[in-house]
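What follows is one structure encoded as structure tokens, with my remarks underneath.
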Amino acid sequence: MARLILSLDGQVLAEYNMMKERYTVGRLQDNDVRIDNPTVSGHHSLIINILNDSFLEDLNSTNGTYVNGKLIKKHALQNGDLITVGRHQLRFVDSATDSEEHDEFAQTMVLSKSDMAASGVHPAPAAGRGADRAAPAAVSAKIQVLNGNFAGREVALNKALTTMGQPGVQVIAITRRADGYNLVQVENAPNREPPKVNGQPIGSQARKLNDNDVIELVGIKMGFFLD
1 MARLILSLDG QVLAEYNMMK ERYTVGRLQD NDVRIDNPTV SGHHSLIINI
51 LNDSFLEDLN STNGTYVNGK LIKKHALQNG DLITVGRHQL RFVDSATDSE
101 EHDEFAQTMV LSKSDMAASG VHPAPAAGRG ADRAAPAAVS AKIQVLNGNF
151 AGREVALNKA LTTMGQPGVQ VIAITRRADG YNLVQVENAP NREPPKVNGQ
201 PIGSQARKLN DNDVIELVGI KMGFFLD
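Okay, structure coming up:
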């Protein structure tokens, strides 16, 4: 099932499961996706779903409809397309192709051991030798993205070691142990601000994470939450 994720200035406002053939987007109340903003026309654009395909059409709007920054009249939607209507944005997500291995967030943020090895990046010693072995923690936790196009996305911290970031730019590792969760900086490009927790640089030492801590990594803010 395809979805539309409505956002403004990086903050998610609503999500729509596209279960009908036609969806209108506009300022008036009779729209399926209503955006009450003067930059949006009364009936701004139309999305038509035909079998497994979705098509976007501009309805002669005053300010135009954009997809990935380009003005369009008609457009065949692809998974991940970003539709701009006035000041608002709609992310088109096709569930059929939105699996973890194809997800942009998973590709750029959550790194596997093979990703790390291929990039020549290895967890810092502070992560501990036992990080690769199953080490039960007293509680479970998750990371939730707080800003940007993937606001609301969650990553369960159910492994002994979860590594996040972009190799060659900025990488952190979160270890799960019996006494809780610890974060350590693995890599940070020269002349780049280091990763932060609650606005403070992490530094070279492992840092214990507490419920509601805010992590900043490659321009993305993420909340650490205990379940």
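Residue numbers (the numbering used here): 1 to 227. In this text, a Cβ means the ideal position worked out from N, Cα and C, and glycines have one as well.
Let me check understanding here. Comparing Cα to Cα, which of Met19, Ser45, Phe225, Ile174 lies closest to Arg27?
Within the sequence shown, residue 27 is the residue found at index 27, counting from 1. Checked all of Met19, Ser45, Phe225, Ile174; the closest Cα to Arg27 is Ser45.
For the putative contact between Leu82 and Leu56, defined by C-beta atoms under 8 Å, what is the C-beta separation to the nearest angstrom?
As a position in the sequence shown, residue 82 is number 82, starting the count at 1. As a position in the sequence shown, residue 56 is number 56, starting the count at 1. At roughly 11 Å, the Cβ-Cβ gap does not stay under 8 Å, so Leu82 and Leu56 are not in contact.
For Pro201, I'd like the list of residues in its chain whose CB is within less than 7 Å of its CB, leaving aside the five on either flank, ordered along the chain.
As a first step, residue 201 is located in the sequence shown; it is residue number 201 there, counting from the start. Hits under 7 Å: Pro194.
Taking Asn188 as the reference, which of Leu146, Val171, Val25 has the closest Cα?
Within the sequence shown, residue 188 is the residue found at index 188, counting from 1. For Asn188, the nearest C-alpha among the options comes from Val171.
What is the DSSP secondary structure of Leu82, reduced to helix, strand or coil?
Translated into positions along the sequence shown, residue 82 becomes position 82. Three-state result, Leu82: strand.
Just to confirm, is the Cβ distance from Leu4 to Ile47 under 9 Å?
As a position in the sequence shown, residue 4 is number 4, starting the count at 1. As a position in the sequence shown, residue 47 is number 47, starting the count at 1. Cβ atoms of Leu4 and Ile47: closer than 9 Å.
Which residues does DSSP pair with Asn188 in a beta bridge?
Indexing the sequence shown from 1 puts residue 188 at position 188. Asn188 pairs with Gln170.
Helix, strand or coil: how does DSSP classify Lys221 here?
For this step, residue 221 is matched to residue 221 along the sequence shown. It is a strand residue.
With H, G and I counted as helix, E and B as strand and the rest as coil, what does DSSP make of His88?
Within the sequence shown, the letter at position 88 stands for residue 88. Strand.
Have a look at Gln166, Val145, Asp32 and flag the residue whose alpha-carbon is nearest the alpha-carbon of Arg192.
The residue you call residue 192 lines up with position 192 of the sequence shown. Arg192 has its Cα closest to that of Gln166, out of Gln166, Val145, Asp32.
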